[in-house]
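Residue numbers (my numbering): -3 to 303.
Data first, discussion second: the structure below is written as structure tokens.
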Amino acid sequence: MPELPEVETVARGLQRSVAGRRIIRVSLGETDFIDDPAVLERELPGRNILGVERYGKFLLLRLGAGPVPSSARVPDAALLVHLGMTGTLRPQAAEEPARKHTHVVLLLDDGRELRYVDPRRFGRMAYLAGAMLQRELERFGADPLETPIDDFVKRILARRARIKALLLDQSVVRGVGNIYADETLWRAQIHPAQLGSRLDKAELGKLYRVLQQVLRKAITLHGSSISDFLDADGMPGEYQRHHRVYGREGKPCFRCGMAIQRVIVAGRSSHYCPRCQKRPRGTGTALRNLPERQAASEARKSKRTPK
DNA sequence: CTCGATCCCTGGACGC
DNA sequence: TGCGTCCAGGGATCGA
């Protein structure tokens, strides 16, 4: 579940530990999560890692020219790495035995290996350069920590989906995932199924501020370690101790004591307080996934799934 | 445009 | 102890 704060944590760690290093050799294991494995093997050896940045939920390893003539004009190039649910990217001593599910190993010029390990292979890796890289990055929306409030508001109001879906939509804002969406909505006291376009100015302002607060606080605590997230130094994050709703179904709301509920909104489990986050008063789709309706939906589902 | 459903994948939780 | 089953989740894709 690496989201923006976790990816930021990893990016900072890698910036410290591998920026400036040169990639000597590439070894691949399973490659079904790599856009084009052959391109990695061809393009990475000899390239310098200029720096490591976060871009939404992606790590961006900026790559230098490598062994091409210095007269040649080299387009911007980068290795994009999405950690999916269970991915880790860490430099390790070459002597250290490779863990199971190690799929990409980049041998560095100092003898260490930058290893990508991902049991579920929900991640993604791609080498992109020039216009291809540009086009790929443009698919994504605004960085929630960088974009001004007017732009944030404009992006929400331009759509008619539920606010939870909009926060998760990487083309609206990049980097927010299920945990931080739920935590933000609880703190902003907005129901996840509320239509984004129905939020008033005050609610949108609060949402914007709370989202930034939550993400910034999580970054300072090195993210949330739910199951196995570790930063680039192998250390767990601490933000999970600040979770108010995520993973707290049935437990009392920190604000009012009511039991936290979990429903499916936008296809994702969504945790919220039914008292603090008032249900949408609107019509139509906004009401579809409320708990009382979900019971009926569950019943229907199990009926037509015999075995 | 937005929705739900489905697939991908493995490990961990759970029931028996 | 050892099965089987379910579930988690981001993102791509497809049909409604």
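A virtual CB, placed ideally from N, CA and C, is assigned to each residue, including glycine.
Quick caveat, the model's predicted, so the values are computed rather than measured.
| message | According to DSSP, T84 sits in a beta bridge with which residue or residues? | response | One-based indexing of the first sequence puts residue 84 at position 88. DSSP output for T84 lists V113 as bridge partner(s).
| message | For R8 and G60, I'd like the C-alpha separation in whole angstroms. | response | As a working note, residue 8 is residue 12 in the first sequence. As a working note, residue 60 is residue 64 in the first sequence. R8 and G60: Cα-Cα distance of roughly 19 Å.
| query | What is the rounded straight-line gap between the Cα of R21 and the Cα of H218? | reply | The residue labelled residue 21 in the question sits at position 25 within the first sequence. The residue labelled residue 218 in the question sits at position 222 within the first sequence. If I take the Cα positions, the gap works out to 30 Å.
| field | Delimiting residues of the beta strand (DSSP E) encompassing E49 | value | Locating residue 49 in the first sequence gives position 53, where the first residue counts as 1. Counting along the chain, the beta strand (DSSP E) containing E49 begins and ends at 45 to 51.
| field | Assigned secondary structure, R38 (DSSP; H/G/I helix, E/B strand, else coil) | value | Within the first sequence, residue 38 is the residue found at index 42, counting from 1. In the structure shown, R38 adopts helical secondary structure according to DSSP, grouped into three states.
| message | Please report the straight-line C-alpha distance between V246 and G52, rounded to a whole angstrom. | response | What you label residue 246 is simply residue 250 of the first sequence in a count that begins at 1. What you label residue 52 is simply residue 56 of the first sequence in a count that begins at 1. Correcting the residue type first, residue 246 is Gly in the shown sequence and not Val. Cα to Cα, G246 sits roughly 31 Å from G52.
| What residue range is occupied by the uninterrupted alpha helix (DSSP H) comprising V100? | Against the first sequence, residue 100 aligns to sequence position 104. Taken as a continuous stretch (DSSP letters only), V100 belongs to no alpha helix (DSSP H), being part of the beta strand (DSSP E) at 98 to 104.
| message | Just to confirm before moving on: does the CB-CB distance between A306 and R58 stay below 8 Å? | response | The displayed coordinates of the chain run from -3 to 303. Any statement about residue 306 would go beyond what the structure contains.
| message | Does A262 pass the burial test, meaning 16 or more other C-beta atoms within 10 Å, or should it be called exposed? | response | For this step, residue 262 is matched to residue 266 along the first sequence. A262 should be labelled buried.
| DSSP puts Q204 in a beta bridge; with which residues? | Position 208 of the first sequence holds residue 204. First, the residue type needs correcting, since residue 204 is Tyr and not Gln in the sequence shown. Per DSSP, none; premise fails for Y204.
| Tell me which same chain residues have a C-beta within less than 7 Å of the C-beta of A291, skipping the five on either side of it? | The residue labelled residue 291 in the question sits at position 295 within the first sequence. Residue confidence is low: A291 scores 40 on pLDDT, short of 50, so the model does not pin down where it sits. No coordinate-derived value is stated.
| task | Whole angstroms is fine: what's the gap from G201's alpha carbon to Q190's? | result | Within the first sequence, the letter at position 205 stands for residue 201. Within the first sequence, the letter at position 194 stands for residue 190. For G201 and Q190, the distance between alpha carbons rounds to 15 Å.
| Who does R135 pair with in a DSSP beta bridge? | Along the first sequence, one-based indexing puts residue 135 at 139. In the DSSP output, where bridge partners are listed per residue, R135 has none listed.
| query | On the premise that G83 lies in contact with G119, defined as a C-beta separation below 8 Å, what is that separation, rounded to the nearest angstrom? | reply | The residue given as residue 119 occupies position 123 in the first sequence. The residue given as residue 83 occupies position 87 in the first sequence. Their Cβ separation, rounded to whole angstroms, is 4 Å, which keeps G119 and G83 in contact under 8 Å.
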